[in-house]
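Each residue of the sequence shown is one higher than the one before, counting from 1094 in the numbering used here. We treat Cβ as the ideally placed atom computed from N, Cα and C, and that holds for glycine. Before any comments, here is the structure.
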Amino acid sequence: MSDASGRRSLADWGLEPAVDYVERTQREDGLVLWYPDGPADPWDHVESAMALSVAGRDAAARRAYRWVADVQHDDGALWATYGDSEDGDGAHEGDEPRKETHRSCYVAVGVWHHYLCTDDRAFLETMWPTVRDALAFACAHQAPTGEIYWTVGPDGEVYEDALVAGCASIYKSLACGAAVADVIGHTEARDRWLEARADLGEAIRERPDRFDRTWESKSRYAMDWFYPVLCGVVTGDPARRRLEAGEDRFLETELGCRCVADEPWVTVAESCELVLSLAAVGRTERAREIYEWLFQWTDDEGVFWTGYQFEDGEFWPGERPTWTGAAAVLAADALSGLSSAADLFTDPQPE
1094 MSDASGRRSL
1104 ADWGLEPAVD
1114 YVERTQREDG
1124 LVLWYPDGPA
1134 DPWDHVESAM
1144 ALSVAGRDAA
1154 ARRAYRWVAD
1164 VQHDDGALWA
1174 TYGDSEDGDG
1184 AHEGDEPRKE
1194 THRSCYVAVG
1204 VWHHYLCTDD
1214 RAFLETMWPT
1224 VRDALAFACA
1234 HQAPTGEIYW
1244 TVGPDGEVYE
1254 DALVAGCASI
1264 YKSLACGAAV
1274 ADVIGHTEAR
1284 DRWLEARADL
1294 GEAIRERPDR
1304 FDRTWESKSR
1314 YAMDWFYPVL
1324 CGVVTGDPAR
1334 RRLEAGEDRF
1344 LETELGCRCV
1354 ADEPWVTVAE
1364 SCELVLSLAA
1374 VGRTERAREI
1384 YEWLFQWTDD
1394 EGVFWTGYQF
1404 EDGEFWPGER
1414 PTWTGAAAVL
1424 AADALSGLSS
1434 AADLFTDPQP
1444 E
């Protein structure tokens, strides 16, 4: 049931099981794993924390951000992945211990989002050093041509190539970090980050030659298609044209968005991010239509599977990631105004 304005609540959308699952999968130290006893990564951890904020689970959300502050390295970075050890100090077993710029600095988006949800200035002040250092790490790896390099190895060697989707995410992180700095009066940091953001945006829009230079192009991945819109790099008519140009390639009617253009697999998280992107360009009815398709990809408890392999007719992989449900919560927020942070992705800050 919706209210007189047509808005729907978290319960109306059937999303309470997804939030319960996120909170249930959170460790005592605050880290939200992908699934019970699974690995974790900082970007998806923050997305899960954002869902907790939308749902009013403020203590759990603050605990999640405290984890980021506790494990952040002196250079402002985080490991790309984490395992199931309670000390939280190392990369997930079997993974190369590297520091990815976009995963390390996404905490800025989460911190700003939590402030919008709660108006908790004390939280903003507490998390300021974490946000400051995370964005300093990213900006330290910005090329003269504007892109921000993808990762740093355990030996400190910088991998001098860049990802479109990763850089778009950093673009959003810089905007949110600048907003945090503005509220608490750190104008020098704000101006520095906005300048870095402007250079990064220009690189994404105007310098495609600066991306995917040393590996196969990632353009077959849906994230490269819509992330520049989702994160506010491309707006207005160019954004609408970008989304329209990719729909035939990535969107499967009544199923969702393919993760990869040439694979028969729709994923809930990418579909939800597409919903946010469509809402950002004013195509709200189309966004709502696609979002409604996704509830067929839940288990009996109402928790979302990763996605559906439509040639084999099976859920694949057989996992229920916390961040998938979190993406669904953020999409519902954008469509229904569940929180005071509902327009975080649909009303991008201009340069």
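Run of the alpha helix (DSSP H) containing residue i, from where it starts to where it stops
| i | result |
| --- | --- |
| W1358 | Careful: W1358 lies outside any alpha helix (DSSP H), inside the beta strand (DSSP E) at W1358 to T1360. |
| Y1320 | A1315 to L1323 |
| V1047 | Residue 1047 is absent from the model: the chain starts at 1094 and stops at 1444. |
| K1265 | V1257 to I1277 |
| E1240 | Where E1240 is concerned, there is no enclosing alpha helix (DSSP H), given that its DSSP letter is neither H nor E. |
| D1330 | G1329 to F1343 |
| F1216 | R1214 to C1232 |
| C1198 | T1194 to C1198 |
| E1378 | T1377 to W1386 |
| Y1158 | D1151 to V1164 |
| L1124 | Where L1124 is concerned, there is no enclosing alpha helix (DSSP H), given that its DSSP letter is neither H nor E. |
Exposed unless 16 or more other CB atoms sit within 10 angstroms - verdict on residue i
| i | result |
| --- | --- |
| G1169 | buried |
| G1375 | exposed |
| T1307 | exposed |
| Q1389 | exposed |
| P1301 | exposed |
| A1097 | Reliability fails at A1097, whose pLDDT of 43 lies under 50, so the model's placement of it is uncertain and the value that follows must be treated cautiously. Label assigned to A1097: exposed. |
| T1346 | exposed |
| T1118 | buried |
| S1141 | buried |
| P1441 | buried |
| D1180 | Confidence at D1180 is low in this model, with a pLDDT of 48, below 50, so its placement is unreliable and the value that follows should be read with caution. Exposed, by the Cβ-count rule. |
| A1104 | exposed |
Under 8 Å between C-beta atoms of residue i and residue j
| i | j | result |
| --- | --- | --- |
| R1150 | E1121 | no |
| T1132 | R1191 | Per the sequence shown, residue 1132 should be read as Pro rather than Thr. No, these two residues do not count as a Cβ contact at 8 Å. |
| V1422 | A1215 | no |
| V1200 | A1227 | yes |
| E1253 | Y1264 | no |
| T1194 | A1231 | yes |
| G1400 | V1359 | yes |
| W1386 | L1348 | yes |
| H1207 | A1154 | yes |
| E1240 | F1304 | yes |
| V1353 | L1336 | no |
| L1371 | A1362 | no |
| C1210 | S1266 | no |
Whole-number beta carbon distance between residue j and residue i, since they are thought to touch under 8 Å
| i | j | result |
| --- | --- | --- |
| G1203 | V1139 | 4 Å |
| C1172 | G1123 | It is Trp, not Cys, that sits at residue 1172 in the sequence shown. No, W1172 and G1123 are not in contact; Cβ-Cβ is about 15 Å, not under 8 Å. |
| C1324 | A1261 | 4 Å |
| R1298 | V1257 | R1298 to V1257, Cβ: 10 Å. No contact. |
| G1339 | G1107 | Between G1107 and G1339 the Cβ distance is about 29 Å, and since that is not below 8 Å, they are no contact. |
| Y1158 | R1413 | Not quite, the Cβ-Cβ distance comes to about 23 Å (not below 8 Å), so this is no contact. |
| D1276 | L1217 | In the sequence as displayed, the identity of residue 1276 is Val instead of Asp. Confirmed, about 6 Å. |
Beta strand (DSSP E) segment containing residue i, residue limits
| i | result |
| --- | --- |
| Y1401 | G1400 to Q1402 |
- Between the segment 1304-1319 and the segment 1264-1284, do three or more beta carbon pairs fall short of 8 Å? no
- Task: Say whether the segment 1328-1340 touches the segment 1390-1402, bearing in mind that this needs 3 or more beta-carbon pairs closer than 8 Å, one atom from each stretch.
- Result: Here the segment 1328-1340 makes no contact with the segment 1390-1402; the two share fewer than three CB pairs at distances below 8 Å.
- Query: Can you find at least 3 beta carbon pairs, one from the segment 1402-1418 and one from the segment 1427-1435, that sit closer than 8 Å?
  - Reply: Contact between the segment 1402-1418 and the segment 1427-1435 is absent, because fewer than three Cβ pairs lie under 8 Å.
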